[in-house]
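Counted the way the UniProt record's numbering counts, the sequence shown spans residues 1 to 298. Every residue, glycine too, gets a C-beta built ideally from N, C-alpha and C. Nothing here was measured: the structure is a model prediction, and the numbers come from that model. The structure under discussion appears below in the form of structure tokens.
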Amino acid sequence: MLTCEGPGVDGEIGTMAMLGEGRDSWPITVGDTFMSRAANLAKRRRHPNIKQLIRESVSAREMAYAPYSKFTVGAALLCEDGEVVTGCNVENISYGASICAERTALVKAVSCGQIKFRAIAVTADANDGFVPPCGVCRQFIVEFSANMAVYLAKPDFSTVLVSSINSDIQQLVRDSVAARNLAYCPYSKFQVGAALITTDGETFTGCNVENIAYGGSICAERTAIVKAVSSGKQKFKAIAVATDNIKTDSFTSPCGPCRQFIVEFGSDTLVYLAKVNDLATVLVTDIKELLPLSFTDF
């Protein structure tokens with residue numbers, strides 16, 4: 001889902017803020033819908049669908065290479081002729097050689113002959129507000145257009161008290177924690193547990209199982225799904241995933257292949273993420289938020 005913060009309103013795909021169109025602010029009044037304002041802006045600036053531009057930035061974020069910061073960012077750049085060029089942050093062990101998502105998109109565009117731009121959308125997963133471009137990226141942006149519109153977006157995840165969710169889901173979270181204790185992970189030492197509930201109320205659990213041939217390893221989410229499908233169950237209501245990310249003290253979401261596995265059996269599956277060192281709260285989202293523009297047949 002997208003909603004505006006600050007001068008903003010309800011929308012459709014996450015949380016979004018607009019820095020402005022160059023030196024001009026984006027006028028918006030309480031009661032206006034974001035999509036109607038975006039439609040007016042699209043008509044005036046000849047923008048394609050702004051929501052689609054933001055979705056492109058969300059998809060680009062999935063490609064980020066950020067092994068050091070673990071902070072992934074995606075950007076989608078709208079060229080003057082309507083072409084959209086995407087980029088993600090690419091880190092390097094020599095930190096100064098790292099490049100931000102915004103600059104990746106700009107460099108890709110310029111190397112293809114594009115030097116005039118209308119807008120850029122930037123998506124990052126920040127718990128406390130939006131993440132604007134860094135100073136270097138701002139200088140890159142203004143080099144090509146002082147009037148470029150900048151949209152900042154973030155996935156719409158919410159943290160809730162476990163006590164506030166229904167008893168079935170509370171049990172699902174507990175089952176994922178128990179499943180984690182069975183994990184076989186001698187190489188990463190990172191235990192993950194998953195618990196899946198079907199639409200008819202049956203629960204299947206799974207843990208990660210590693211292999212010395214790393215590519216042969218399987219994640220907890222896929223273990224649970226494979227168990228369910230092999231038992232004749234293919235419709236799922238929700239999945240809970242439990243980890244203990246001590247280094248960052250953050251929730252750990254399913255990897256790309258697991259997200260694709262989940263969406264294969266239902267685009268409305270709810271996802272509950274739990275930290276075993278703090279089971280009072282869980283992060284709640286759904287597979288559509290975790291895997292926008294997914295490769296599916298529905």
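Would Asn208 pass as a contact of Val192 if the rule is Cβ separation under 8 Å?
-> Taking 8 Å as the Cβ cut-off, Asn208 and Val192 qualify as a contacting pair.
Which first and last residues belong to the alpha helix (DSSP H) in which Ala220 is found?
-> For Ala220, the enclosing alpha helix (DSSP H) begins and ends at 220 to 229.
Residue range of the beta strand (DSSP E) that includes Ile93 | It is not in any beta strand (DSSP E) - Ile93 carries neither H nor E in the DSSP assignment.
8 Å CB neighbourhood of Lys233 in its chain, flanking five on each side removed | So the list reads Thr198, Asp200, Glu202, Phe204, once near-sequence residues are dropped.
Determine the closest residue to Val136 out of Tyr151, Arg103, Ile93, with distance taken between C-alpha atoms.
-> For Val136, the nearest C-alpha among the options comes from Arg103.
Residues of its chain near Ala224, where Cβ-Cβ distance is below 8 Å and the 5 sequence neighbours each way are ignored = The residues are Ala179, Ala194, Ala195, Leu196, Phe204, Thr205, Gly206, Ile239.
Identify whether Cys207 lies in helix, strand or coil by the three-state DSSP scheme.
-> DSSP places Cys207 in strand when its eight states are reduced to three.
Proximity winner among Ala119, Ser57, Ser98, Asp268, relative to Ile141 (alpha-carbon distances) = Per the Cα distances, Ala119.
Can you name, in chain order, every residue of its own chain whose Cβ lies under 6 Å from the Cβ of Pro254, other than the five neighbours on each side?
-> Excluding residues within five positions, the ones whose Cβ falls inside 6 Å are Glu221.
Given a cut-off of 8 Å, decide if Asn89 and Cys100 are closer than it, judged by their beta-carbon atoms.
-> Cys100 is a Cβ neighbour of Asn89, given a cutoff of 8 Å.
With Val282 as the anchor, note down where its beta strand (DSSP E) starts and where it stops.
-> DSSP places Val282 in the uninterrupted beta strand (DSSP E) bounded by 278 to 286.
Give the DSSP-derived three-state secondary structure of Phe117 in the structure shown.
-> Strand.
What is the rounded straight-line gap between the Cα of Arg44 and the Cα of Gly96?
-> Low confidence applies to Arg44: its pLDDT is 36, below 50, so where it sits in the model is not reliable, and the reading given next is rough at best. Distance between the alpha carbons of Arg44 and Gly96 is about 40 Å.
Rounded separation between Asp278 and Ala183 - CA only = Cα to Cα, Asp278 sits roughly 19 Å from Ala183.
C-alpha distance - Gln171 paired with Arg259, whole-angstrom precision | Distance between the alpha carbons of Gln171 and Arg259 is about 22 Å.
Check whether the Cβ of Val282 lies closer than 8 Å to any Cβ atom in chain D.
-> Considering every chain present, this structure includes no chain D. It has just one protein chain.
Looking at the structure shown, is Thr123 part of a helix, part of a strand, or coil, going by DSSP?
-> Thr123: strand per DSSP, three-state reduction.
Helix, strand or coil at Tyr151 according to DSSP, with G and I counted as helix | The answer is strand: DSSP assigns Tyr151 an E or B state.
Test item: CB-CB of Val173 and Val162 under 8 Å | Yes, the Cβ-Cβ distance between Val173 and Val162 is below 8 Å.
Use the C-beta contact count for Thr296: other C-beta atoms within 10 angstroms, 16 or more gives buried, fewer gives exposed.
-> Exposed is the call here.
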